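J.: Residue numbers (my numbering), protein chains in the order written: chain Y, 17 to 264; chain P, 17 to 264. Take a look at the following structure, please.
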C-alpha cells in the first residue's frame with residue numbers, strides 16, 4: 017500500500033492510497049490511534065470512491081462512531097484507467113434507458129455487473145488485507161460493508177464471499193442472479209428498498225431480501241425513487257453498525 | 017380526570033387514572049415539570065394498558081426522551097368491566113384459530129374491530145382532551161401514537177381522525193377495511209411488518225403501508241412471527257418520536 021496524499025479536515029484524517037493498481041481512500045479520526053472497526057463503502061454505478069453517497073456516510077461513521085472507513089474505485093471509475101468493456105456496456109445500457117427500455121432486462125446489465133465484479137471483488141479482498149495491516153485499523157476488530165445500487169450488487173457478492181465482514185447495509189438492488197449469493201449471507205443485514213425505484217421493481221428487491229440467509233435482517237422501505245433514500249437512513253445505518261461493530 | 021394511584025420507580029412517576037369509565041395510566045419523568053410531548057400507546061388484542069408491550073415502550077420513552085406516555089384499557093380489558101359482545105366475538109375467533117382456520121377471513125374479525133373501535137376511538141379523544149389539561153403534559157407540544165396489531169388497527173383509525181397526533185408508529189396489521197383511513201393519514205409513520213406473521217399476510221400489510229397518505233413513511237420488515245418484533249425496533253421508535261416530537 018502506497019499513501020499518495022494525507023489531509024486533515026473537520027476532525028477527519030483522509031488518506032488516498034494505491035495498492036498495486038487499486039486506487040482507494042481511507043478515513044479515520046484525526047485524533048487517536050490503535051485498532052478500530054472498519055466499514056467498507058461500495059460506491060454506486062457511475063460514481064467513484066469519493067462520490068457524495070460515499071462521503072455522506074463515511075464522515076458520520078468516523079465522527080460519530082470512531083470507525084475507519086475505506087472506499088475503492090470500481091473498474092473504469094475515479095482514478096482508474098478507462099475500461100473499454102465497461103464503457104461499451106454502460107453506453108449500451110444508457111441507450112436503452114434513453115429509449116425508455118427497462119435496462120435491467122437487457123443482456124448488457126448482467127454482463128456489466130459480471131465484468132465489474134470479476135475485478136472488484138478480488139480488489140476489495142486485496143484492499144481488506146492491506147487495510148487490516150495498518151495500525152489505525154488492525155485485524156482484531158470487526159468489519160462492515162455498506163453499499164446500495166451497484167454498491168449493493170457488489171456487496172451481496174462480497175459479503176457472501178468474505179468471512180471477515182460481520183455486518184452489512186445493502187439494498188436498492190433485486191437482481192435474480194444474486195439469489196444464491198444472498199442465501200449464503202448469514203451476518204446481520206439492513207436492506208434498503210425505495211418503494212418507487214424505477215430500475216429495481218419492488219417485488220425483485222423483496223425477493224432478494226427474502227433470500228438472505230441471515231437470522232437478523234431488516235428491510236427498510238421508503239417512498240420515492242432510486243435516488244431518494246431519506247437522510248434518516250444514514251442515521252439508522254450508523255446505529256446498525258454501532259450495534260454490530262461496536263465503538264472504537 | 018380522577019387520579020386513583022401515584023407511584024414512583026426507576027425515575028418514572030406512574031399515575032393510574034379514570035376519566036368517567038375510562039381507566040388509564042400516565043407515565044412521566046419523576047423529576048421536572050411543565051409541558052412535554054405525549055405519546056399514546058395502544059395495547060394489543062387480549063392485553064391491557066399495562067401489558068408488557070406497552071410498558072417496554074413507555075419506560076424508555078419517558079427515561080430517554082422525557083416524554084409523557086399514556087395508555088388506556090380497550091373495552092373488556094384491564095380494569096374495564098366485562099364486555100359481552102367483545103367476549104363472544106373473541107371466543108368465536110379463538111375457536112376458529114384452534115381449528116386452524118384463518119380467523120382474519122371470518123366475519124367475527126371485522127365485527128370485533130368495529131365493536132372495539134366504536135368505543136375506543138372516542139375514549140382516546142376524551143383521554144387526550146383531559147391529559148392535555150395536565151401541567152405535566154400541556155396542550156402546546158406534539159402528540160404521537162404507538163400501536164401494533166390491535167393497537168395498529170385502532171391506531172390507523174385514531175390517527176386518521178385526530179389532527180392533534182403528529183407522528184405514529186403503526187403496524188402488524190393489514191385489514192383491507194383500513195385502506196381509506198390509511199389514505200387520510202398525512203403525518204410521518206413508521207410501519208412495522210413481521211415477515212412471517214401468521215395472522216397478517218405480508219401482501220396485506222404492504223398494501224396498507226402503500227395506502228398511507230403520508231409523505232414520510234417507512235416500512236420496517238423483520239423476519240419472524242407476529243410476536244417476534246426485534247427489540248431494536250423499540251430503539252428505532254424512540255428515535256422516530258424524538259425526531260418528530262422533539263425532546264421535553
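We put the beta carbon where it would ideally sit given N, CA and C, even for glycine. This structure is a prediction, so every number in the text was calculated from the model and none was measured.
In three-state terms, what does DSSP make of residue 117/Y?
T.: Residue 117/Y falls in the coil class under three-state DSSP.
J.: Considering only the alpha carbon of each residue, which of 181/Y, 171/Y and 179/Y lies closest to residue 188/Y?
T.: 171/Y
J.: Going by other Cβ atoms of all chains shown within 10 Å of its Cβ, with 16 needed for buried, is residue 107/P buried or exposed?
T.: exposed
J.: Exposed or buried, which one is residue 89/P when buried takes at least 16 other CB atoms within 10 Å?
T.: buried
J.: Could you spell out the range, first to last residue, of the alpha helix (DSSP H) harbouring residue 128/Y?
T.: 124–147
J.: Can you tell me which of the three DSSP states residue 202/Y falls into?
T.: coil
J.: Taking only beta carbons into account, state which residues of the segment 245–260 of chain P come closer than 9 Å to chain Y, listed in chain order.
T.: 246, 248, 249, 251, 252, 255, 256 and 259
J.: Answer yes if the segment 248–261 of chain Y comes into contact with the segment 76–83 of chain Y, meaning at least three C-beta pairs across the two stretches below 8 Å, and no otherwise.
T.: Touching, per the Cβ criterion.
J.: Just curious, the beta strand (DSSP E) that residue 236/P is in, first and last residue?
T.: 233–238
J.: Report yes or no: is there a C-beta of chain P within less than 8 Å of the C-beta of residue 265/Y?
T.: Chain Y is shown only over 17 to 264; residue 265/Y falls outside these bounds and no answer can be derived.
J.: Does the distance from the CB of residue 227/Y to the CB of residue 198/Y come in under 8 Å?
T.: yes
J.: When the distance is taken between beta carbons, is residue 136/P closer than 8 Å to residue 91/P?
T.: yes
J.: Return the Cβ separation of residue 253/Y and residue 161/Y in integer angstroms, given the expectation that the two are a contact with Cβ distance under 8 Å.
T.: With a contact defined as Cβ atoms closer than 8 Å, residue 253/Y and residue 161/Y miss out at about 11 Å.
J.: Where do the N-terminal and C-terminal ends of the alpha helix (DSSP H) with residue 225/P fall, by residue?
T.: 218–227
J.: In its own chain, which residues sit with a C-beta less than 7 Å from the C-beta of residue 219/P, not counting the 5 before and 5 after it?
T.: Apart from the 5 residues on each side of it in sequence, residue 219/P has no Cβ closer than 7 Å to any other Cβ in its chain.
J.: Taking only beta-carbon atoms, is residue 264/Y less than 8 Å away from chain P?
T.: Unreliable placement is indicated for residue 264/Y, whose pLDDT of 49 sits below 50; no coordinate value is reported for it.
J.: If you draw a straight line from the C-alpha of residue 96/Y to the C-alpha of residue 56/P, how long is it?
T.: If you draw a straight line from the Cα of residue 96/Y to the Cα of residue 56/P, it is about 55 Å long.
J.: What I want to know is whether the C-beta of residue 99/Y ends up closer than 7 Å to one or more non-hydrogen atoms of the ligand NAP.
T.: What this structure holds is no ligand at all, so the ligand NAP is not there to describe.
J.: For residue 193/P, count the other beta carbons within 10 Å of its own beta carbon; 16 or more makes it buried, fewer makes it exposed. Which is it?
T.: exposed
J.: Can you tell me where the alpha helix (DSSP H) with residue 80/Y in it begins and where it stops?
T.: 68–81
J.: When you compare each of 152/Y, 202/Y and 169/Y to residue 186/Y by their alpha carbons, which one comes out closest?
T.: Ranking the options by Cα distance to residue 186/Y, first place goes to 169/Y.
J.: Quick one: grab the DSSP three-state call for residue 90/P.
T.: coil
J.: By the DSSP assignment, the alpha helix (DSSP H) with residue 19/P in it spans what residues?
T.: Taken as a continuous stretch (DSSP letters only), residue 19/P belongs to no alpha helix (DSSP H), being part of the beta strand (DSSP E) at 18–25.
J.: Drop a sphere of 10 angstroms on the beta-carbon of residue 44/P, count the other beta-carbons inside from all chains shown, and report buried for 16 or more, exposed for fewer.
T.: Around the Cβ of residue 44/P, a 10 Å sphere holds 16 or more other Cβ atoms; the residue is buried.
J.: Say whether chain Y places a C-beta atom closer than 8 Å to the C-beta of residue 235/P.
T.: Chain Y, which has a Cβ nearer than 8 Å to the Cβ of residue 235/P, makes this yes.
J.: Residues of chain Y with a CB under 8 Å from the CB of residue 216/P: which are they?
T.: Near residue 216/P there are no residues of chain Y at all, since even the closest Cβ is about 15 Å away, more than 8 Å.
J.: Starting from residue 33/P, trace the beta strand (DSSP E) in both directions and tell me its first and last residue.
T.: 28–35
J.: Hey, residue 201/Y and residue 159/Y: beta-carbon distance below 8 Å or not?
T.: no
J.: Between residue 147/P and the rest of its own chain, which residues show a CB-CB distance below 7 Å, the 5 nearest in sequence each way excluded?
T.: 42, 54, 86 and 153
J.: Is the distance from the Cβ of residue 28/P to the Cβ of residue 75/P below 8 Å?
T.: Cβ atoms of residue 28/P and residue 75/P: closer than 8 Å.
J.: I'd like to know whether the C-beta of residue 238/Y is nearer than 8 Å to at least one C-beta of chain P.
T.: yes
J.: Beta-carbon within less than 6 Å of residue 150/P's beta-carbon, same chain only, minus the 5 sequence neighbours each way: which residues are those?
T.: none
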